[in-house]
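To convert, note that position 187 of the sequence shown is 186 in numbering that gives the first Met the number 0; the numbers rise steadily by one, no gaps. Have a look at the structure below before the remarks.
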Amino acid sequence: MKFRVGQFALVALFTFTSVGCVEEPANTSTEEARSTDPVEESGTPAIEKSGSTGFVLTNGAVYTVNEEQPWVEAVVVQGNKIVYVGDDAGVAGFRGDGMEEIDLEGRLLLPGFVESHIHIGMGAGTTSGVVLESTDSLEEVLAKVRTYATENPDKKTIFGASYSAFIFDDKGPKKELLDEIVPDRPVYLMDHTLHAAWVNSKAYEAAGMTRETPSPAGGEYVKNEQGELSGWVKGGPAHLPILVKTGAITSDAIMASMPVLLEGMSEFGFTSAIDMGAPFATEAIYDAYVALDEAGELPLRLSVTYYVNNEELAKDAADKLEEYAGRWKSEHVWFDTLKITIDSVIENQKAATLEPFLNTGDRGSLYLGAEAMEKVCMETAKKGYGITVHTIGDRAVRETLNAAEALREAGFTDTRFSTTHSQMVDPADRSRYRELGVDAQSTGNWAVHIGANVEVLGQERHDTVQFPFRSWADDGVTIALGSDWPATPGGFEHGLNPFNNIYTAMHRKAPPGLEGALGQDPGMILKPEDQVLTLAEAVAAYTIGGAKMLGIDDEVGSIEVGKKADLILLDRNLFEIDPEQIPKARVMGTIFDGRIVHDVLYGKGDSELVDLDDLGDGAVGPCSRH
Ligand SMILES: [Zn+2]
Numbered sequence: 000m001k002f003r004v005g006q007f008a009l010v011a012l013f014t015f016t017s018v019g020c021v022e023e024p025a026n027t028s029t030e031e032a033r034s035t036d037p038v039e040e041s042g043t044p045a046i047e048k049s050g051s052t053g054f055v056l057t058n059g060a061v062y063t064v065n066e067e068q069p070w071v072e073a074v075v076v077q078g079n080k081i082v083y084v085g086d087d088a089g090v091a092g093f094r095g096d097g098m099e100e101i102d103l104e105g106r107l108l109l110p111g112f113v114e115s116h117i118h119i120g121m122g123a124g125t126t127s128g129v130v131l132e133s134t135d136s137l138e139e140v141l142a143k144v145r146t147y148a149t150e151n152p153d154k155k156t157i158f159g160a161s162y163s164a165f166i167f168d169d170k171g172p173k174k175e176l177l178d179e180i181v182p183d184r185p186v187y188l189m190d191h192t193l194h195a196a197w198v199n200s201k202a203y204e205a206a207g208m209t210r211e212t213p214s215p216a217g218g219e220y221v222k223n224e225q226g227e228l229s230g231w232v233k234g235g236p237a238h239l240p241i242l243v244k245t246g247a248i249t250s251d252a253i254m255a256s257m258p259v260l261l262e263g264m265s266e267f268g269f270t271s272a273i274d275m276g277a278p279f280a281t282e283a284i285y286d287a288y289v290a291l292d293e294a295g296e297l298p299l300r301l302s303v304t305y306y307v308n309n310e311e312l313a314k315d316a317a318d319k320l321e322e323y324a325g326r327w328k329s330e331h332v333w334f335d336t337l338k339i340t341i342d343s344v345i346e347n348q349k350a351a352t353l354e355p356f357l358n359t360g361d362r363g364s365l366y367l368g369a370e371a372m373e374k375v376c377m378e379t380a381k382k383g384y385g386i387t388v389h390t391i392g393d394r395a396v397r398e399t400l401n402a403a404e405a406l407r408e409a410g411f412t413d414t415r416f417s418t419t420h421s422q423m424v425d426p427a428d429r430s431r432y433r434e435l436g437v438d439a440q441s442t443g444n445w446a447v448h449i450g451a452n453v454e455v456l457g458q459e460r461h462d463t464v465q466f467p468f469r470s471w472a473d474d475g476v477t478i479a480l481g482s483d484w485p486a487t488p489g490g491f492e493h494g495l496n497p498f499n500n501i502y503t504a505m506h507r508k509a510p511p512g513l514e515g516a517l518g519q520d521p522g523m524i525l526k527p528e529d530q531v532l533t534l535a536e537a538v539a540a541y542t543i544g545g546a547k548m549l550g551i552d553d554e555v556g557s558i559e560v561g562k563k564a565d566l567i568l569l570d571r572n573l574f575e576i577d578p579e580q581i582p583k584a585r586v587m588g589t590i591f592d593g594r595i596v597h598d599v600l601y602g603k604g605d606s607e608l609v610d611l612d613d614l615g616d617g618a619v620g621p622c623s624r625h
């Protein structure tokens with residue numbers, strides 16, 4: 000059965016007057032990726048529904064992430080619930096009609112992973128057009144656009160993302176180059192930062208823009224020497240309206256990209272995730288999530304956030320979140336968290352820091368002042384929702400913890416509150432996570448030594464304040480690891496990969512051979528070297544830690560009787576192998592909500608792997624971690 004949904008309204012959240020880090024896409028060929036999509040190819044659903052009523056899983060090395068009963072041999076699933084956790088002998092009573100027996104042959108079984116920071120819909124959108132790689136030359140970009148336009152005569156607009164802004168001089172890209180190869184319809188290409196676009200004359204025409212059109216706040220319609228629109232459009236408030244008017248990213252394209260991304264996530268063992276927002280097509284994305292879930296095609300539990308990054312948006316954020324929570328919900332999709340972005344990133348020196356950046360001499364900026372921050376947190380807490388705050392700079396972390404403190408003092412002691420990224424944490428603020436009950440979300444792969452950051456922070460601060468994993472763990476703080484894909488180096492294959500992130504969280508250096516892909520200086524370890532997690536802590540951060548951050552730890556995050564049957568089977572036992580082998584681990588099978596959604600061992604369900612090369616090589620630039 001093919002899922003089909005109607006046309007969705009493409010509505011964008013373009014009120015980004017202070018666009019922060021508009022996060023970055025990976026380069027993907029949807030066309031290529033689609034050919035590996037079993038929905039398209041065989042006409043069978045990506046999620047197979049076996050005739051069984053449950054599974055009797057025996058002879059395993061089952062690591063439950065439940066401290067009371069950490070290691071067992073067997074698990075029994077009935078429907079979508081775990082009904083038995085224990086030794087092999089204890090399963091006898093569960094055998095019988097409709098129960099499928101699986102011999103795990105000693106392999107490691109874990110709770111399904113929780114991806115605590117990702118942008119699935121944004122990734123689906125930005126990977127839905129022509130594949131532009133950050134390494135492409137100008138000639139290569141033009142050749143790809145020409146070929147794509149020829150091969151897609153029916154596409155109303157030619158869309159692409161992630162050409163490198165560095166292939167142009169300070170006058171930027173020119174519309175004439177695109178007019179020459181595509182004179183008949185709009186072309187809209189986003190550069191690798193997503194902060195700027197390159198468009199042709201037809202795109203301006205479709206958007207109704209002329210040399211007289213005034214530039215909006217936070218953006219610029221760049222003019223050429225003749226005073227005409229040049230083809231270069233800077234800033235989200237300027238270029239995103241063109242994206243909408245040209246229909247560059249369609250809901251159909253998002254729908255077409257999404258299944259293959261979700262399938263790739265099942266192959267990495269993710270059975271829960273939180274979507275941290277998109278700068279465009281938000282309603283189409285939410286529609287797609289619910290439609291996929293209702294069609295039985297969503298292979299994970301998906302918390303979706305309502306996103307704000309300025310005081311104006313914050314004013315009605317709690318009400319909007321409540322409205323969205325009512326409007327988009329299905330069995331595995333829900334809104335109950337406000338995402339606030341309070342600063343930018345180190346790479347563009349716009350993160351809010353306590354000390355000035357060495358090159359700019361300033362301390363970056365906060366998108367919300369203390370008063371607005373406190374107000375929106377209170378209003379959100381009053382409605383019973385949780386809060387997660389993008390914090391990169393140590394001033395952003397401090398201000399966010401201040402807001403959490405005000406919230407706790409006002410009596411909201413149970414409101415879920417996390418900092419996401421949590422990159423620079425002044426030593427004086429570390430213990431406040433424990434004191435205030437704030438969860439720390441972060442990305443293992445970012446905890447590496449990056450020369451460009453040393454230059455702007457200075458060696459001492461670079462080596463002192465970043466990613467205090469050990470301190471949080473010693474304090475008993477809930478740590479949740481995630482990837483931030485597609486806004487992370489290494490792309491889908493290396494950036495999203497939980498085993499790479501577990502390895503880096505344990506070592507503060509990139510997995511062997513991935514130094515370049517993750518932007519790390521070869522041979523360097525990020526200091527303080529002892530701010531590492533143990534393997535068990537890193538696994539917990541990808542399971543129960545993420546579940547707590549999402550507020551679903553009573554249902555998932557560990558293998559316990561009564562919890563939902565989200566389970567993954569690995570090809571090797573992480574706890575027994577040489578830690579250097581951890582990044583090579585693969586998920587052989589994924590059970591989501593009692594259904595097999597990925598299996599390469601037993602011939603149950605889909606056994607054709609997504610070609611990860613089709614999902615892009617990752618991003619470079621000011622919003623990535625290079
Ligand atoms: Zn993000």
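Ideal Cβ placement from N, Cα and C applies to all residues, glycine included.
| query | result |
| --- | --- |
| Given Lys173 as reference, the closest of Leu193, Tyr203, Ala148 once Cα atoms are compared | Tyr203 |
| Candidates Ser271, Gly128, His194, Pro213: closest to Leu566 by CA position | Ser271 |
| Ala371 CB to nearest heavy atom of ligand 1 below 7 Å | no |
| Short Cβ contact (8 Å threshold) for Leu406 with Met377 | yes |
| Helix, strand or coil at Ala409 [DSSP, three-state] | coil |
| Contiguous alpha helix (DSSP H) assignments of at least 4 residues, all confined to the stretch 533 to 559 | 534 to 540, 543 to 549 |
| Rounded C-alpha distance that separates Ala539 from Lys155 | 47 Å |
| Residues near Glu373 in its chain [Cβ-Cβ closer than 7 Å; skip 5 each side] | Ala402, Ala405 |
| beta-carbon Met548 near ligand 1 non-hydrogen atom, thresh 7 Å | no |
| The stretch 256 to 269 contacting the stretch 489 to 503, beta-carbon criterion three pairs below 8 Å | yes |
| Those residues which DSSP pairs with Lys201 across a bridge | Note: Lys201 sits in no beta bridge, so no partner. |
| Assigned exposure category for Leu137 - 16 Cβ within 10 Å defines buried | exposed |
| Which of helix, strand or coil DSSP assigns to His116 | strand |
| Option in Ala371, Ala280, Asn358 with minimal Cα separation from His118 | Ala280 |
| Pair within 8 Å by beta-carbon distance, Leu549 and Leu107 | no |
| CA-to-CA distance, Phe54 to Asp96, given in whole angstroms | 11 Å |
| Through-space distance from Ser214 to Glu296, alpha-carbon basis | 42 Å |
| The stretch 135 to 149 contacting the stretch 504 to 511, beta-carbon criterion three pairs below 8 Å | no |
| Boundaries (first-last residue) of the alpha helix (DSSP H) holding Gln458 | 458 to 463 |
| Which of helix, strand or coil DSSP assigns to Pro578 | helix |
| Minimum length 4: unbroken alpha helix (DSSP H) runs contained in the stretch 448 to 518 | 450 to 456, 458 to 463, 468 to 473, 497 to 506 |
| heavy atom of ligand 1 below 7 Å from Asp483 C-beta | yes |
| As assigned by DSSP and simplified to three states, the class of Ala350 | coil |
| Local conformation of Ser34 per DSSP, three classes | With a pLDDT of 31 at Ser34, under the threshold of 50, the predicted position of this residue should be treated as unreliable, though the coordinate-derived value follows. In the structure shown, Ser34 sits in coil (DSSP, three-state: anything other than H, G, I, E or B). |
| Whole-angstrom distance between Leu365 and Arg311, CA atom to CA atom | The amino acid occupying residue 311 in the given sequence is Glu; Arg does not appear at that position. The alpha-carbon atoms of Glu311 and Leu365 are separated by roughly 14 Å. |
| Pair within 8 Å by beta-carbon distance, Asp438 and Val476 | yes |
| Contact belief for Gly111 with Val599 at Cβ below 8 Å, rounded distance in angstroms | So it is not a contact: roughly 16 Å between Cβ atoms. |
| Buried or exposed (CB count within 10 angstroms, at least 16 for buried), Gly336 | What sits at residue 336 in the sequence shown is Thr, not Gly. Result: buried. |
| Assigned secondary structure, Ser136 (DSSP; H/G/I helix, E/B strand, else coil) | coil |
| Contact set for Met121: own chain, Cβ-Cβ below 8 Å, skip 5 residues either direction | Glu22, Pro24, Gly276, Ala277, Pro278, Phe279, Ile284, Pro485 |
| Beta-carbon proximity check, Thr487 vs Asn444, cutoff 8 Å | yes |
| Integer Cβ distance of Arg433 from Arg394, believed to fall under 8 Å | Wrong, their Cβ atoms sit about 21 Å apart, outside the cutoff. |
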